[in-house]
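Heads up: the structure comes next, in structure tokens.
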Amino acid sequence: MAETKHLQHSITSGHVWVVVNETSHVPAFWAHPQYGGPFPGIVLLHDDWGMGAHMRARVHRFAEIGYYVIAPDLFEGQRANSQLEADALEIYFKDLALPKVTAALQALETHRKCNRKMAVIGWDLGAELALQVALQRRDIMAAVAFYGDPTSFFGQLSQLNCPVMVINGAEDELTHRTEAQLRAELAADNKPHQVLTYPGAPHGFFNDMTPTYVPEAAEDAWFNVLAFLETYQGKPPAPDMNGQNFWSGRVY
1 MAETKHLQHS ITSGHVWVVV NETSHVPAFW AHPQYGGPFP GIVLLHDDWG MGAHMRARVH
61 RFAEIGYYVI APDLFEGQRA NSQLEADALE IYFKDLALPK VTAALQALET HRKCNRKMAV
121 IGWDLGAELA LQVALQRRDI MAAVAFYGDP TSFFGQLSQL NCPVMVINGA EDELTHRTEA
181 QLRAELAADN KPHQVLTYPG APHGFFNDMT PTYVPEAAED AWFNVLAFLE TYQGKPPAPD
241 MNGQNFWSGR VY
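So this is what it looks like as structure tokens:
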């Protein structure tokens, strides 16, 4: 993943449990700056393959920039090793996912170091959930959807409650057949939005741990996402270089 131009925070990260209701909870991975705050919050939603090292790396990167970040494990510890398994996990867990996303948002919004300026970012299945959240909640300031299938939301996009960024690869058969209608509906309803399509990029181009990774497209998408978040969430606070936790002679 591309380097950023932001001064990086020292962060804390780890595995946590998020309460969904009185009888269930969901594992999650979160990270946040060690010092300062409050910070804007981001919920990251993984793809059809489940929670993996690349998602944890994304959590770290956003936290280093100055976000409170949590990624719920929507598949509850299960990971796919083939497309067939990924499809099966999506089918099994898709209808169970939204309460987990809601719980993750609640965990961030009520945290004393989060400023309640919330965004949600998802990939594939997570992208569809990000759009669903943008349609259902009024407390979200921005939503980003990487190569998700928008078909089930057509006819509803006029009800979006926040600005939306959609990011696709031009060689992605899943999104290629729906993108024209997506662009038309977003433009017709005059909703704040961006739709970015990267030439030569296939489905999954953002994941640098897979053969589908396209570095140039992923880097450009990364910086566009950061700019989009800053526009609608505000710029995350930089590390306090005058704070008591910094010492002469060290590099931060």
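When we follow my numbering, the leftmost residue of the sequence shown carries the number 1, and every step to the right adds one.
The C-beta atom is built at its ideal place from N, Cα and C for all residues, glycine as well.
Under DSSP, Met118 takes part in a beta bridge, and its partners are Gly41 and Ile140.
In the three-state scheme derived from DSSP, where H, G and I count as helix and E and B as strand, Met55 is classed as helix. Contact between the region 112 to 122 and the region 82 to 97 is absent: fewer than 3 CB-CB pairs across the two stretches fall below 8 Å.
Assignment of Leu160 by DSSP, reduced to helix, strand and coil, places it in the coil class. The closest CA to that of Phe206, considering only Val195, Gly155, Ile42 and Ala218, is found on Ala218. Asp172 and His193 have their C-alpha atoms some 20 Å from each other. When DSSP states are grouped into helix, strand and coil, Ser24 belongs to the strand group. If you compare the alpha carbons of His54, Pro27 and Gly204 with that of Gly77, the shortest gap goes to Pro27. Your pair Met165 and Phe223 does not check out as a contact, with CB atoms roughly 12 Å apart and the cut at 8 Å. Here the region 12 to 23 does not lie against the region 41 to 48, with fewer than 3 beta-carbon pairs under 8 Å apart.
A check of alpha carbon separations from Gly37 across His25, Phe62 and Gly66 identifies Gly66 as the nearest. When rounded, the separation of the alpha-carbon atoms in Pro236 and Leu226 is 10 Å. Membership of Tyr35 in any beta strand (DSSP E) is not indicated, and neither H nor E is assigned to it by DSSP.
By DSSP's assignment, Gly14 forms a beta bridge with Trp30. Of Ala221, Trp123, Arg79 and Leu160, the smallest CA-CA separation from Arg137 is found for Leu160.
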